[in-house]
Amino acid sequence: MRRRLNLLAEADWLAIFLFLVLIVFGWLNIYSVNYNESSTTFFTTSNRPAMQLAWIGISLVLALLIFVTDSRFFSFTAYPLYAFSLAVLLLVIIAGKEVNGSKSWIMIGPVGLQPAEFAKVTTILALARFLSGYNVKANSRKNIFFSFLIIALPPIFIMLQPDFGSTIVYGSLLIVLYREGLSGWLLLLILFMAGIFLASLVFSKFVVLLLLVLVSLLIYGVNSKNKKNTGYAIVILLAALVPSLLLQYLDFIKADSFIVLLIAVILATTTYIILALSKKLKGVVLMVVFLYAFIGFVYSVDFVFHNILQKHQRERVEIMLGLKSDPWGYEYNVNQSKIAIGSGGFTGRGFLQGPQTKLKYVPEQSTDFIFCTIGEEWGFLGSLAFVAVFIGLIIRLIIIAERQRSKFSRIYGYGVVSILFFHFAVNISMTLALFPVIGIPLPFISYGGSSLMSFTVMLFIMLKLDATRKAYLI
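Under our numbering, read the sequence shown as residues 1 to 474, first letter to last.
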């Protein structure tokens, strides 16, 4: 039998208070960016502060509706909602409106909605429903595959729009799998691949291959019980490395990179077979497979970078890595953002007093670059206070997730934490030139109805599950 609960008493009011602080602070900054002394009208669809007020009102209504909905609804409808979101993402590709080169919007009269934002909510629900199933363990191969499939399908459709920023957000859900028992080695492998990808753009192939050799030796040395075998491992790895060195750096030898790789693989494999048979080595197979796989990955970076990423995405990565300079092009936004943040000093220039903001030097300052308004007008202290409030909300949500009685609620909670933190960290990093500009909003702060409503729905489903955690398990 279900226990009767007082939802007002059971609701986590600290999380709700922090949410309200953030959306009010966000609106103030949107108002500042769009403030016009000569304007005589406020409530128009072209006035962003007025529209954001409307989105805030709608979001609060959605939050209230979520709180009066049976919490079991979200588990029971997780798969249908997920399937519906995939269908809508496919519809967007066919009949969506193109904005800034991306067909990501569905128009409802004069208002545009971005289904990719709402798909994040349904993906978290579907992932939580799957992993909370009977006798489902996140670290089994079959369940890892289906978990990755649930996470990967929406970004595949979103990439076809294309919207690279929304696509990579879904990668943060790997944190959920890690919390549920996925090996940390897989997460390290993914991070290592990202590092090798960037290193392959900055350094020569030989330098990257040398790095791979050192990492392979480290892995082998850590896992090998017989340390003497490390010497044989060095011989094997050198057999793969030396041909690449010779063919890349000796002027009288001219060879295609594929030939370099082919010769390296043949010599290393031959050396491995001889030593493995004569010395009965263990663990070398894994090391050699690891090395070969990443050598192939290194040689595929150029193709991926130049044929899969779009031109503006390549240029943003190259600018971040210092490979090129484009101060009046793609680099302009970031430079103006850093100027705005730096000009705020310790205490800021004051509300409505930021020259970078008032003179519209920073493009997209209401949306992707709204943090530079915070830095300019509220200064270091105001930025620190904002970061403290947002991190406080994240910590509170982690506490809420950990106290859940049901596996579904815990997994969903960590999905919310992962998405919110990824948006927060990457958005601020973009404005500080610590990450390529990929165009994702700052949760509860950036202008936009789709993002505000989706983040609100995402958060309040979690708070509803928490408020009813004592009533029954779902």
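Note that the Cβ used here is the ideal one computed from N, Cα and C, for glycine as well.
| Check | Outcome |
| --- | --- |
| Taking three-plus beta-carbon pairs below 8 Å as touching, is the stretch 328-348 in contact with the stretch 431-446? | yes |
| Check the DSSP bridge columns for W55 and list the partner residues they point to. | Paired residues: none, contrary to the question. |
| For G26 versus I395, is the C-beta spacing smaller than 7 Å? | no |
| Quick one: measure Cβ to Cβ for G112 and K97, integer angstroms, because I've assumed they're closer than 8 Å. | 6 Å |
| State the start and end residues of the unbroken beta strand (DSSP E) segment that holds L452. | No beta strand (DSSP E) contains L452, which is instead part of the alpha helix (DSSP H) from 449-467. |
| Roughly how many whole angstroms lie between the Cα atoms of L89 and L214? | 44 Å |
| Measuring straight from C-alpha to C-alpha, what distance separates Q114 and S450? | 6 Å |
| Closer than 8 Å by C-beta to N333: which residues in its own chain qualify, once you throw out the five before and the five after it? Chain order, please. | V362, P363, E364, F369, V437 |
| Straight-line CA distance for I461 to Y299? | 45 Å |
| Could you please give me the residues that DSSP links to G112 through a beta bridge? | M107 |
| For L86, which residues of its own chain have a beta-carbon under 8 Å away from its beta-carbon, when the five flanking residues on both sides are left out? | A119, L153, P154, F157 |
| Count the CB pairs spanning the stretch 463-471 and the stretch 396-410 that are closer than 8 Å, and state whether there are at least three. | yes |
| For the alpha helix (DSSP H) containing L194, name the first residue and the last one. | What sits at residue 194 in the sequence shown is Ala, not Leu. 184-202 is the extent of the alpha helix (DSSP H) around A194. |
| G344 and G375: beta carbons closer than 7 Å? | yes |
| For K97, list the residues DSSP reports as bridge partners. | W105 |
| Quick test of the definition: if touching needs 3 or more C-beta pairs under 8 Å, does the stretch 47-63 touch the stretch 412-422? | no |
| Hey, S366 and I94: beta-carbon distance below 7 Å or not? | no |
| Between the Cα of F380 and the Cα atoms of K358, F390, R349, which residue gives the shortest distance? | R349 |
| Would you check if the stretch 182-189 and the stretch 159-171 touch, i.e. whether three or more CB-CB distances between them fall below 8 Å? | no |
| Check this for me: beta carbons of A128 and E180, under 7 Å apart or not? | no |
| Exposed or buried, what is N307 when buried is set at 16 or more other beta-carbons lying within 10 Å of its beta-carbon? | exposed |
| Tell me which residue opens and which closes the alpha helix (DSSP H) that L173 is part of. | Run containing L173: none; DSSP gives neither H nor E here. |
| Pick helix, strand or coil for D251, following the three-state DSSP scheme. | In this predicted model, D251 has a pLDDT of only 47, less than 50, meaning its place in the structure is not dependable enough to derive any value. |
| Can the beta-carbon of L131 be found closer than 7 Å to that of I411? | yes |
| Would you kindly check if the distance between the Cβ of F74 and the Cβ of L125 is under 7 Å? | yes |
| How about L475 and T122: do their beta carbons lie closer than 7 Å? | A question about residue 475 goes unanswered here, because the residues of the chain that appear run from 1 up to 474. |
| Return yes when the C-beta of A83 is under 6 Å from any heavy atom of the ligand MN, and no when it is not. | The model on display carries no ligand, and the ligand MN is accordingly not part of it. |
| Going by C-alpha to C-alpha distance, which of K103, L65, A83, G392 sits closest to L7? | L65 |
| Roughly how many angstroms separate the alpha carbons of F252 and V207, rounded to a whole number? | At F252 the pLDDT is 46, less than 50, meaning the model places this residue with poor confidence; the figure from the coordinates comes in the next sentence. The alpha-carbon atoms of F252 and V207 are separated by roughly 21 Å. |
| For L465, which residues in the same chain have their Cβ closer than 6 Å to its Cβ, ignoring the five residues on either side in sequence? | S71, S409 |
| In the DSSP assignment, find the unbroken alpha helix (DSSP H) run with A401 in it and report its ends. | 371-402 |
| Note down, in chain order, each residue of its chain lying with its Cβ closer than 8 Å to the Cβ of E377, except the 5 sequence neighbours on either side. | N29, S32, G344, G348, R349, G350, F351, L352, Q353, G354, T357 |
| According to the neighbour-count rule (16 or more other Cβ atoms, all chains shown, within 10 Å of its Cβ), is Y447 buried or exposed? | buried |
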